[in-house]
Amino acid sequence: QKEVEQNSGPLSVPEGAIASLNCTYSDRGSQSFFWYRQYSGKSPELIMSIYSNGDKEDGRFTAQLNKASQYVSLLIRDSQPSDSATYLCAVGGGYNKLIFGAGTRLAVHP
Amino acid sequence: GAVVSQHPSRVICKSGTSVKIECRSLDFQATTMFWYRQFPKKSLMLMATSNEGSKATYEQGVEKDKFLINHASLTLSTLTVTSAHPEDSSFYICSARPGLAFDEQFFGPGTRLTVL
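In order, the protein sequences belong to chains S and A.
Residues 13 to 122 (our numbering) make up the first sequence, in order.
Residues 3 to 118 (our numbering) make up the second sequence, in order.
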């Protein structure tokens, strides 16, 4: 059974701080990794994808991948109250499917 | 780019009726589309995977005769919840996968189904 694990949170950070979200996965053969943001009552929105070891930056977001440790993270710099949402980690599961974690709820307080 | 629409956004129906939900990729052709459901404060649950012109592949525990999926074209997939019951009330979300090389999926806005 392929699994993706995330801390459910809530992760509470002050406005302007760095939020660090973590995810581990069980399938060592996974090749694709994604972070989705989901606001309450809305559908997930893709914010980052990463396919190779190292860091990938896009604006205030940085995704980090370590395949040896089977670990992927998302850093959000200069966190804003509008970043408050649930962040879903997803890993390519083969057969075109994504395996989703349960999500980490982030709360950014002014 | 990579916009997925879903219709209707909200539906309320009586127990025993059937409800059809449409999912369209607006600016790309989707090699594969997916249907998920999500209960309040729970994670996404994949129901089925569909490829254009072929039968959908259902996840274990999902009744294929209850949740009918038709993938008529590279831009349209439909989910029909047949003989809906209150326990089918949920948030149904489709996603579409545009590429052959990578697994990224783009989600529609979702359909909130309430069965009375």
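For each residue, glycine too, the CB sits at the ideal point set by N, CA and C.
No experiment lies behind these values; they were computed from the predicted model shown.
Under 7 Å between beta-carbons, which chain A residues line up against residue i? List them in chain order, please.
{"i": "Gly-115/S", "result": "Ser-45"}
{"i": "Leu-110/S", "result": "Asp-105, Gln-107"}
{"i": "Gly-104/S", "result": "Asp-105"}
Identify every residue that forms a DSSP beta bridge with residue i.
{"i": "Ser-24/S", "result": "Ala-119/S"}
{"i": "Phe-41/A", "result": "Answer by DSSP bridge pairing: none, since Phe-41/A is not bridged."}
{"i": "Met-35/A", "result": "Ser-52/A, Ala-98/A"}
{"i": "Ile-71/A", "result": "Leu-81/A"}
{"i": "Asn-33/S", "result": "Looking at the sequence shown, residue 33/S is not Asn but Leu. In the DSSP output, where bridge partners are listed per residue, Leu-33/S has Leu-86/S."}
{"i": "Lys-14/S", "result": "Bridge partners of Lys-14/S: none, in fact."}
{"i": "His-9/A", "result": "Glu-24/A"}
{"i": "Tyr-48/S", "result": "Leu-58/S, Leu-100/S"}
{"i": "Lys-68/S", "result": "Ala-75/S"}
{"i": "Tyr-60/A", "result": "Ala-50/A"}
{"i": "Phe-104/A", "result": "According to DSSP, which records beta bridges pairwise, Phe-104/A is partnered with nothing at all."}
{"i": "Ser-92/A", "result": "Leu-115/A"}
{"i": "Phe-109/A", "result": "Ser-97/A"}
Counting only Cβ pairs nearer than 8 Å, list the residues of chain S close to residue i.
{"i": "Met-95/A", "result": "Correcting the residue identity first, residue 95/A is Ile in this sequence and not Met. Going along chain S in sequence order, the residues near Ile-95/A (Cβ under 8 Å) are Ser-55, Pro-56."}
Contact defined as beta carbons within less than 8 Å: I believe residue i pairs with residue j. What is the distance between those atoms, to the nearest angstrom?
{"i": "Leu-118/S", "j": "Ser-96/S", "result": "6 Å"}
{"i": "Ser-97/A", "j": "Phe-30/A", "result": "Incorrect: roughly 12 Å between the Cβ atoms, too far for contact."}
{"i": "Pro-93/S", "j": "Pro-56/S", "result": "About 20 Å separates the two Cβ atoms, so there is no contact after all."}
{"i": "Leu-115/A", "j": "Val-6/A", "result": "Not really, about 18 Å apart at Cβ, beyond 8 Å."}
{"i": "Gly-71/S", "j": "Thr-98/S", "result": "Not a contact, Cβ separation roughly 20 Å."}
So with CB distances below 9 Å, who are the chain A contacts of residue i?
{"i": "Ser-44/S", "result": "Phe-104, Asp-105, Glu-106"}
Please list, in chain order, the chain S residues whose beta carbon lies closer than 9 Å to that of residue i.
{"i": "Gly-110/A", "result": "Ser-55"}
{"i": "Thr-51/A", "result": "Tyr-107, Asn-108, Lys-109"}
{"i": "Thr-19/A", "result": "Residues of chain S passing the Cβ test: none, with the nearest at roughly 24 Å."}
Starting from residue i, find everything on chain S with Cβ-Cβ shorter than 7 Å and list it in chain order.
{"i": "Leu-48/A", "result": "Lys-109"}
{"i": "Arg-99/A", "result": "Asn-108"}
{"i": "Thr-116/A", "result": "The premise fails here: Thr-116/A is roughly 14 Å from chain S at the closest Cβ pair, so nothing lies under 7 Å."}
**Report entry** 3-residue-minimum beta strand (DSSP E) runs that sit fully inside the segment 75-114 of chain S, ordered along the chain
**Finding:** Within the segment 75-114 of chain S, the complete beta strand (DSSP E) segments of 3 residues or longer fall at 83-88, 97-106, 109-112, listed in chain order.
Query raised in the report: According to a CB-to-CB cut-off of less than 7 Å, which residues of the segment 53-84 of chain A neighbour chain S?
Result: Nothing from the segment 53-84 of chain A brings a Cβ to less than 7 Å from some Cβ of chain S.
Query raised in the report: Using a beta-carbon distance cut-off of less than 9 Å, what residues from the segment 56-84 of chain S approach chain A?
Result: Of all residues in the segment 56-84 of chain S, only Pro-56, Glu-57, Leu-58, Ser-61, Tyr-63 come within less than 9 Å of chain A when Cβ atoms are compared, listed by chain position.
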